[in-house]
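Enquirer:
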Amino acid sequence: MVGLLLIGVAAWGKGFGIVSSIHIIGGVIAVGVFLLLISIVGLIGALNHHQVMLFFYMVILFLVFLFQFGVSCSCLAINQGQQVKLLNATWGLMSNETRVGVENKLSCCGLLNTTQSQEQFNEDVKLCQAPCKVTGLCFTCGDMMLQHAAEALKILGGVGLFFSFTEILGVWLAARYRNQKDPRANPSAFL
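Okay, so the sequence shown: first residue is 21 according to our numbering, each after it adds one.
(1) Given a cut-off of 8 angstroms, decide if C161 and C152 are closer than it, judged by their beta-carbon atoms.
(2) Figure out for me which residue from Q103, V84, L189, G28 has the closest Cα to the Cα of V48.
(3) If you run the structure through DSSP and keep just helix, strand and coil, what is C148?
(4) Please determine, among F82, G65, A66, the residue with the shortest C-alpha to C-alpha distance to L189.
(5) Among residues of its own chain, excluding the 5 on either side of L74, which ones have a beta-carbon nearer than 6 angstroms to its beta-carbon?
(6) Could you work out which residue in S59, C129, F85 is closest to E143 when comparing CA atoms only?
(7) Starting from L126, follow the alpha helix (DSSP H) in both directions and report where the run begins and ends.
(8) Apart from the five residues just before and just after M78, which ones in its own chain have a Cβ nearer than 8 angstroms to its Cβ?
(9) Nearest-angstrom Cα distance between V154 and G52?
(10) What span of residues does the alpha helix (DSSP H) with G178 cover, start to end?
(11) For a test of the three-state rule: what should DSSP assign to L132, helix, strand or coil?
(12) Using the C-alpha atoms, what's the distance from V72 back to M164?
In structure tokens form, the structure reads like this:
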């Protein structure tokens, strides 16, 4: 279910133009397909009482749980200062085309007007073609992104924690089901 949800959300985000990067969309769809394939492996293992398949399903699902739990806790633990550092690092790696696209989408100019990045901020404001520049009342993109980042990270962390605990429940159920006898097997056979 989570795999299908990821694939659907990625396709919806690309269709509505929310996310323009094909790499992000491709990554989210790849993770969704991976989770879908893992769930199919677990389902086939459970239907056929295949202990090896269920074992690998449990191991992979536990690794996914560890990764997802870590990312969810990180999303919940990141503070405003760390968000600013992350935004500055990301903004520095972006091309001018991508910056202009973000500025047009959010109707803002520049990232953050700080003493460390004053030259970069002035250059971004000169290149800015956002609709707000016509009115003369432009906010910085950093301030606009930080307003929504804290709420988005809390939601993302909470949803991630919920699904990570459902994954550990799946590992526990697979472990219990893996050790059951196959009802189709010969009862007098040594198992």
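All C-beta atoms in this analysis are idealised placements derived from N, C-alpha and C, irrespective of residue type, glycine included. Note that the structure is predicted; figures quoted are calculated from it, not measured.
Expert: To lay it out plainly:
(1) With contacts defined by Cβ atoms closer than 8 angstroms, C152 and C161 do not form a contacting pair.
(2) It is G28 whose Cα lies nearest to the Cα of V48.
(3) coil
(4) F82
(5) Hits under 6 angstroms: G65, A194, R198.
(6) Of S59, C129, F85, the residue nearest in Cα terms is C129.
(7) 116-126
(8) V191, A194, A195, R198
(9) 42 angstroms
(10) 161-198
(11) coil
(12) Straight-line spacing of the CA atoms in M164 and V72 works out to 51 angstroms.
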